[in-house]
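K.L.:
Please see the structure below; I have some questions.
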Amino acid sequence: GQNIDQPTEMTATEGAIVQINCTYQTSGFNGLFWYQQHAGEAPTFLSYNVLDGLEEKGRFSSFLSRSKGYSYLLLKELQMKDSASYLCAVRDLGSGGSYIPTFGRGTSLIVHP
Amino acid sequence: DTGVSQDPRHKITKRGQNVTFRCDPISEHNRLYWYRQTLGQGPEFLTYFQNEAQLEKSRLLSDRFSAERPKGSFSTLEIQRTEQGDSAMYLCASSYPGTDEQYFGPGTRLTVT
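Chains as they are written, first to last, in the numbering used here: chain W, 1 to 113; chain D, 1001 to 1113.
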């Protein structure tokens, strides 16, 4: 099975940088995703890491260390609209032999002025 | 590209009734996923189709739940003999072949009274 752990809530100031951590334990790891979900809306894709290292995409970056079972999402130049839940999801081998994503509980980020 | 659509957006039903939800994925996507999400939790995987084949089904999914994707396009999720614990947001997502970047629909919010 999978165990995905991320902080429940974080707060940060507009314009600052915040790092959201995710640790996981899987049996057949095949990639890690980050999604953003605003309250009352569906999740939207942010990033995908399958190899170790940093992936940068504008203000958002995601890092993966497979040996440590660890990832983080880095958000720079925070804006009020970044207030949302950030979901870490691990792609793991399902019982039917297909890779399926398992989501963590999400980290609720609150950005204040 | 109209995105992933789900119908209905809201459903209120009495305990013991059957309900059916529909998902129309993005037309080029051959993979389709169903999730359930409750407040403060991440999406919980229910089942996965590749074209019309149902390749994965969560062990947590009881016999009251069934899903179909008869022609490899739209999908339906049926819950029989609903219980209050079934109250949740039911999300559908689809993805291109060879990738797990998922595009989520707006969800169907089910309330069982």
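Heads up, the beta-carbon is just placed ideally off N, CA and C, and yes, glycines get one too. Small disclaimer: the values here were computed from a predicted structure and weren't measured.
From which residue to which residue does the beta strand (DSSP E) around Thr23(W) run?
P.N.:
Looking at the DSSP string, the run of the beta strand (DSSP E) that includes Thr23(W) is Val18 to Gln25.
K.L.:
With DSSP run on the structure shown, which of helix, strand or coil describes Gln1017(D)?
P.N.:
Gln1017(D): coil per DSSP, three-state reduction.
K.L.:
Determine, for Ser98(W), whether the minimum Cβ-Cβ distance to residues of chain D falls below 9 Å.
P.N.:
So, interface residue.
K.L.:
Please tell me whether Asp1100(D) has its Cβ less than 9 Å away from any Cβ of chain W.
P.N.:
Yes, contact with chain W.
K.L.:
Would you call the stretch 32-49 of chain W and the stretch 1096-1106 of chain D in contact, with 3 or more CB pairs under 8 Å?
P.N.:
Yes, they touch.
K.L.:
Quick check on Gln6(W): does DSSP put it in helix, strand or coil?
P.N.:
If DSSP states are grouped into helix, strand and coil, Gln6(W) belongs with coil.
K.L.:
Would you report the Cα separation of Arg1069(D) and Ser1005(D), rounded to the nearest angstrom?
P.N.:
C-alpha separation (whole angstroms): 15 Å.
K.L.:
How would you list, in chain order, the residues of chain D whose beta-carbon sits under 8 Å from the beta-carbon of Leu54(W)?
P.N.:
The contacting residues do not exist; Leu54(W) stays about 18 Å from chain D at best.
K.L.:
Using 8 Å as the Cβ pair cut-off and three pairs as the minimum, do the stretch 69-84 of chain W and the stretch 1040-1059 of chain D touch?
P.N.:
Touching, no, given that fewer than three Cβ pairs across the two stretches are closer than 8 Å.
K.L.:
Report all residues from its chain with a CB closer than 7 Å to the CB of Asn3(W); omit the five preceding and five following residues, and keep chain order.
P.N.:
Cβ within range, chain order: Tyr24 and Gln25.
K.L.:
Going straight from the alpha carbon of Ile17(W) to that of Thr1038(D), what length do you get?
P.N.:
Their backbone Cα atoms lie some 29 Å apart in a straight line.
K.L.:
Put Asp1086(D) into one of helix, strand or coil per three-state DSSP.
P.N.:
The answer is helix: DSSP assigns Asp1086(D) an H, G or I state.
K.L.:
Which residues share a DSSP beta bridge with Gly53(W)?
P.N.:
Beta-bridge pairing links Gly53(W) to Leu64(W).
K.L.:
Do we get a CB-CB distance below 9 Å when we pair Ala42(W) with the residues of chain D?
P.N.:
Judged by the 9 Å Cβ criterion, Ala42(W) is in contact with chain D.
K.L.:
Quick one: list the residues of chain W neighbouring Glu1114(D), beta-carbon separation under 8 Å, in chain order.
P.N.:
This structure does not reach residue 1114(D), given that chain D is present from 1001 up to 1113, and the question cannot be answered.
K.L.:
With 9 Å set as the bound, which would you pick, yes or no: does the beta-carbon of Phe103(W) sit closer than that to a beta-carbon of chain D?
P.N.:
Interface residue, yes.
K.L.:
Note down, in chain order, each residue of its chain lying with its Cβ closer than 7 Å to the Cβ of Gly1(W), except the 5 sequence neighbours on either side.
P.N.:
Low local confidence applies: a pLDDT of 44 at Gly1(W) is under 50, so the model's placement there is unreliable, with the coordinate-based value given in what follows. Here the set comprises nothing.
K.L.:
Bridge partners for Pro1025(D) per DSSP, in chain order?
P.N.:
Partner(s): none; Pro1025(D) has no beta bridge.
K.L.:
Where does Lys1011(D) sit, in a helix, a strand or coil, going by DSSP?
P.N.:
In this structure, Lys1011(D) counts as strand in the three-state DSSP scheme.
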